[in-house]
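*Asks:*
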Amino acid sequence: MSTITPAQNLEINPRIKAVFDDIRATRKSDFINNLWHYLAFDIELLEDTWREVKVVMAKPSHLDPLTKELIYAAVSIANSCEYCIHSHTAAARSKGMSDKQYAEFLSIVSLAGRTNHLLNGLKVPIDKEFNHENS
677 MSTITPAQNL EINPRIKAVF DDIRATRKSD FINNLWHYLA FDIELLEDTW
727 REVKVVMAKP SHLDPLTKEL IYAAVSIANS CEYCIHSHTA AARSKGMSDK
777 QYAEFLSIVS LAGRTNHLLN GLKVPIDKEF NHENS
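Shown next, in the form of structure tokens:
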């Protein structure tokens, strides 16, 4: 259950409408997912979050869009964010992720979680070769 109730008719506020219109244009879709409706309770939070998401996720960069979505999904799994897991898995599928890629992705996330727990529990010292200054 949500901790807030989003307002109705959000787009009567011109600042909210501007953000929603930019989301639609950037994503080339009329769909505005719940995250944005719920963030709209605070216009500055909505604007700041969308600006950052747009720069990191939508702007062309050295990482391809599918890789960005897989990273986001992996972090969402680690943080137990059910909403983000669903959202970014769907986004990865829309960017071409196959079922075989998804299975491999999940095996990597699972392995990383397991070995992270082992290393954290054992407090294994970091190899000097892994320091950036030594490369």
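Anchor point for the sequence shown: position 66 equals 742 in the numbering used here, and the numbering is continuous, going up by one each time.
Just so it is clear, CB atoms sit at the ideal spot from N, CA and C, and this is done for glycine as well.
For clarity, every value in this text was computed on a predicted model and none was experimentally measured.
With DSSP collapsed to three states, give me the class of C757.
*Replies:* coil
*Asks:* Take every Cβ of the stretch 743-751, pair it with every Cβ of the stretch 714-731, and state whether three or more of those distances are shorter than 8 Å.
*Replies:* no
*Asks:* Are the stretch 737-747 and the stretch 759-770 touching, with three or more C-beta to C-beta distances below 8 Å?
*Replies:* yes
*Asks:* Do the CB positions of L739 and H713 come within less than 9 Å of each other?
*Replies:* The criterion of a C-beta distance shorter than 9 Å is not satisfied by L739 and H713.
*Asks:* By the DSSP assignment, the alpha helix (DSSP H) with N796 in it spans what residues?
*Replies:* D775 to L798
*Asks:* Looking only at its chain, what residues have a beta carbon closer than 8 Å to the beta carbon of C757, apart from the 5 residues adjacent to it on each side?
*Replies:* Within the same chain, no Cβ atom closer than 8 Å to the Cβ of C757 is found once the five residues on either side in sequence are excluded.
*Asks:* Please go through the same chain and pick out, in chain order, the residues whose beta-carbon is closer than 7 Å to the beta-carbon of A768, but skip the five residues on each side of it.
*Replies:* L742, E745, L746 and A749
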